[in-house]
Amino acid sequence: MDSPRVYPAVMTQQGSQHPDSLAPDTVVVAGGRPERTHDAPVNPPVVLSSTFFGQGEVEQGDRAYGRYANPSWDPFEETLGELETAQLPALVFASGLAAVAAALSLVPSGGTIVMPRHSYQGSLAVSQDLAARGAFTVRTVDIADTEAVKAQLEGADALWLESPTNPMLEVAEMRALAQAAHDAGALVIADNTFSTPLGQRPLESGVDVVVHSVTKYLAGHSDVVLGAVVTSDPDLRARLLTYRSLRGAIAGPFEVWLALRGLRTLALRIERSQATAMALARKLLEHPRVEAVRYPGLPGDPGHERAAAQMDGFGSIIAITVRGGAAAADAVVDALQLWLPATSLGGVESLIERRRRHVNEPETVPENLLRLSVGIENAKDLWADLDQALQKVQD
Ligand SMILES: *Cc1c(COP(=O)(O)O)cnc(C)c1O
């Protein structure tokens, strides 16, 4: 099979020079800085140019044209690559779903991909759309059930991992599954949006390709839509780069600048929102209006032990089911005054939504499930608002 022509693009940037041994919470601040020359800016510039000077044959490493490369992408790509412990810079895409589509392009034509049945609904929708066009076959599986996943891996070409899953918060046994997939000859792709590289680094567990919706925690302020793919494999990266250059789902320079700006506070935001999520999950567990709580940080959660073993924190997403069905869940959302009723997650502001309001959401997600994305507001204020909304529905 002919491999696609690799489009020219800058693989590395000369800028940020800092020791390799820095901790991730330093890298988010120190990464992607311009060179330290007198009077140079300390932040990378936004480069608004669709084309770059050049004559003669376009060579590997040339920027050439704005669909192949933009200097505004490099600082973020370098920093995210480093955070994910990749040997190569990340590749930014126009959205998380564009990054998902790029990663799915690595599945061979007519092949088979195994996916968690509760993957992000957009990832399921795009893979099912590709399957309907004959691109490949999708097998969905309970990703928390390691033996069931292994059984599905026979004859598969790729394994898609999401852990914890959106919105059910099931935890996959990442290292064991990556090993089993490789034994079966399958490529392993992990969507690390929920955890961020501060929470877990799938490449260290043997995963080949990591996908991000940068829209969420990495950018962190609900003001940008962006995606990224990370890998340490030069061939896979070259194919992803070619895919990006040909399909054209490229990032805007300003969006990437905003994402790097947001990334600077990632460690602080996560530390805060995670601590609040833990406190809220404990309180929700005791609340008479709450049927069940899923949060990997709760000692009684089915994913707790696995999460504790493979993650550096339990994240800031909580799923609850509310007594009284979908109507009661909707009423809770309506009664909230501080929490924002909106889709998405990972921003500084706390967001809540009943997931089944989306037609594509799998039917195995309960109708009365609310997904809470805990932000960085005062924990007492967040609890007071949740509590009053839950109480109101009881009346
Ligand atoms: C939001 C999300 C995506 C899609 O990202 P967009 O930036 O919205 O295109 C993919 N995976 C997960 C886990 C997400 O939460």
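Residue numbers (this note's numbering): 1 to 395.
Yeah, the Cβ is synthetic: ideal placement off N, Cα and C, and Gly gets one too.
Since the model is a prediction, treat every value here as computed from it, not as a measurement.
(1) Ignoring anything shorter than 4 residues or poking outside the segment 109 to 148, list the alpha helix (DSSP H) runs there in chain order.
(2) Which same chain residues, not among the five before or five after Ala329, have their C-beta less than 6 Å away from its C-beta?
(3) So if DSSP puts Pro341 in a beta bridge, which residue, or which two residues, is it bridged to?
(4) Flag Asn360 as yes when its Cβ comes closer than 7 Å to any non-hydrogen atom of ligand 1, and as no otherwise.
(5) Ordered along the chain, which non-local residues of its own chain (more than five positions away) have a Cβ less than 7 Å from that of Ser232?
(6) Would you call the CB atoms of Glu147 and Arg306 closer than 8 Å?
(7) Quick test of the definition: if touching needs 3 or more C-beta pairs under 8 Å, does the segment 378 to 393 touch the segment 326 to 345?
(8) Are Gly134 and Gly315 touching if we call contact CB-CB under 8 Å?
(9) Can you tell me which of Asp312, Arg294 and Asp301 puts its alpha carbon nearest to the alpha carbon of Ser373?
(10) Can you check whether the CB of Met115 is closer than 8 Å to the CB of Val149?
(11) Consult DSSP for Gly31 and reduce its assignment to one of helix, strand or coil.
(12) Taking all protein chains shown into account, decide if Val359 is buried (16 or more other Cβ within 10 angstroms of its Cβ) or exposed.
(13) Let me know if Val10 comes out buried or exposed under the rule of 16 or more other beta-carbons within 10 Å of its beta-carbon.
(14) Do Leu263 and Leu218 come within 8 Å of each other at the CB atom, strictly closer than that value?
(15) Would you identify the three-state DSSP class for Arg175, choosing helix, strand or coil?
(16) Measuring alpha carbon to alpha carbon, tell me which of Ala40, Pro71 and Asp39 ends up nearest Thr51.
(17) Helix, strand or coil for Val10? Go by DSSP, reduced to three states.
(18) Can you tell me where the beta strand (DSSP E) holding Glu286 begins and where it ends?
(19) By alpha-carbon positions, which one of Ala259, Leu104, Thr193 and Val225 ends up nearest to Gly32?
(20) Which same chain residues, not among the five before or five after Arg244, have their C-beta less than 7 Å away from its C-beta?
(21) When you measure from the CB of Val225 to every non-hydrogen atom of ligand 1, does any distance come out below 7 Å?
(22) Between the beta-carbon of Leu266 and the beta-carbon of Gly206, is there less than 8 Å?
(23) Among the candidates Val107, Gln121, His182 and Gly54, whose CA atom is the shortest distance from the CA of Gly96?
(24) Quick check: the Cα distance between Asn192 and Gln60, rounded to an integer number of angstroms?
(25) Just the C-alpha distance for Val211 and Glu162, rounded to the nearest angstrom, thanks.
(26) Per DSSP, which residues does Thr321 bridge with? Please list them.
(27) On the three-state DSSP scale, how would you describe Leu91?
(28) I need the DSSP call for Lys380, collapsed to helix, strand or coil.
(29) Cβ of Phe254 within 7 Å of any heavy atom in ligand 1?
(30) Based on Cα-Cα distance, which residue from Ala389, Pro296, Val214 and Thr26 lies nearest to Arg289?
(31) Helix, strand or coil: how does DSSP classify Asp191 here?
(32) Rounding to the nearest angstrom, what Cα-Cα distance links Gln14 and Tyr65 in this structure?
(33) Mind reading off the beta-carbon distance from Thr112 to Ile143? Whole number of angstroms is fine, and I expect it under 8 Å.
(34) Under the three-state reduction of DSSP, which class applies to Tyr68: helix, strand or coil?
(35) Quick one: is Gln55 buried, meaning 16 or more other Cβ sit within 10 Å of its Cβ, or exposed?
(36) Grab me the residues of Gln274's own chain with a C-beta within less than 7 Å of its C-beta, minus the 5 sequence neighbours each way, in chain order.
On the basis of the data shown:
(1) Note on the segment 109 to 148: whole alpha helix (DSSP H) runs with a minimum of 4 residues are 121 to 132, in chain order.
(2) Counting only residues of its own chain and dropping the five nearest sequence neighbours on each side, Ala329 has a CB closer than 6 Å to the CB of Val322, Arg354, Asn368 and Leu370.
(3) Partner(s): Ile352.
(4) Because no heavy atom of ligand 1 lies under 7 Å away, the Cβ of Asn360 does not count as near it: no.
(5) Annotation for Ser232: Ala86, Gln87, Leu88 and Leu203 place their beta carbon closer than 7 Å to its own, counting only its chain and skipping 5 residues before and after.
(6) In this structure, Glu147 lies away from Arg306, with their beta-carbon atoms at least 8 Å apart.
(7) These segments touch.
(8) Against a cut-off of 8 Å, the Cβ pair of Gly315 and Gly134 comes out as no contact.
(9) The residue with the shortest Cα to Cα distance from Ser373 is Arg294.
(10) No, these two residues do not count as a Cβ contact at 8 Å.
(11) Gly31 falls in the coil class under three-state DSSP.
(12) Exposed, since its Cβ has fewer than 16 Cβ neighbours within 10 Å.
(13) Low per-residue confidence applies at Val10: pLDDT is 44, beneath 50, and the placement is therefore not dependable, though the value from the model is reported in the following sentence. With a 10 Å radius around the Cβ and a threshold of 16 neighbouring Cβ atoms, Val10 comes out buried.
(14) Cβ atoms of Leu218 and Leu263: closer than 8 Å.
(15) In this structure, Arg175 counts as helix in the three-state DSSP scheme.
(16) Scanning Ala40, Pro71 and Asp39 for the CA closest to the CA of Thr51 turns up Pro71.
(17) At Val10, the pLDDT of 44 sits below 50, so the modelled position is not reliable; the number obtained from the coordinates is stated separately. DSSP places Val10 in coil when its eight states are reduced to three.
(18) Unbroken run through Glu286 is the alpha helix (DSSP H), Leu266 to Glu286; no beta strand (DSSP E).
(19) For Gly32, the nearest C-alpha among the options comes from Ala259.
(20) Hits under 7 Å: Leu91, Phe93, Ala102 and Ile250.
(21) Yes - ligand 1 has a heavy atom lying nearer than 7 Å to the Cβ of Val225.
(22) Not closer than 8 Å, so no.
(23) Selected option, being the one with the closest Cα: Gln121.
(24) Going by C-alpha positions, Asn192 is about 30 Å away from Gln60.
(25) Cα to Cα, the separation comes out at about 10 Å.
(26) Thr321 is bridged to Ala292 and Leu369.
(27) DSSP places Leu91 within a strand segment (E or B) once states are collapsed to three.
(28) Here Lys380 sits in helix by DSSP.
(29) It does not: the Cβ of Phe254 is nowhere closer than 7 Å to a heavy atom of ligand 1.
(30) Between Arg289 and the set Ala389, Pro296, Val214 and Thr26, the nearest pair of CA atoms involves Ala389.
(31) DSSP, read as helix, strand or coil, puts Asp191 in strand.
(32) Legend: pLDDT at Gln14 = 45, less than 50; position of this residue unreliable, no value from coordinates given.
(33) That belief does not hold up - the Cβ atoms of Thr112 and Ile143 are roughly 16 Å apart, past 8 Å.
(34) In the three-state DSSP reduction, Tyr68 falls in the coil class, being neither helix nor strand.
(35) So Gln55 ends up on the exposed side.
(36) Answer for Gln274: Gly313, Phe314, Gly315 and Ser316, listed in chain order.
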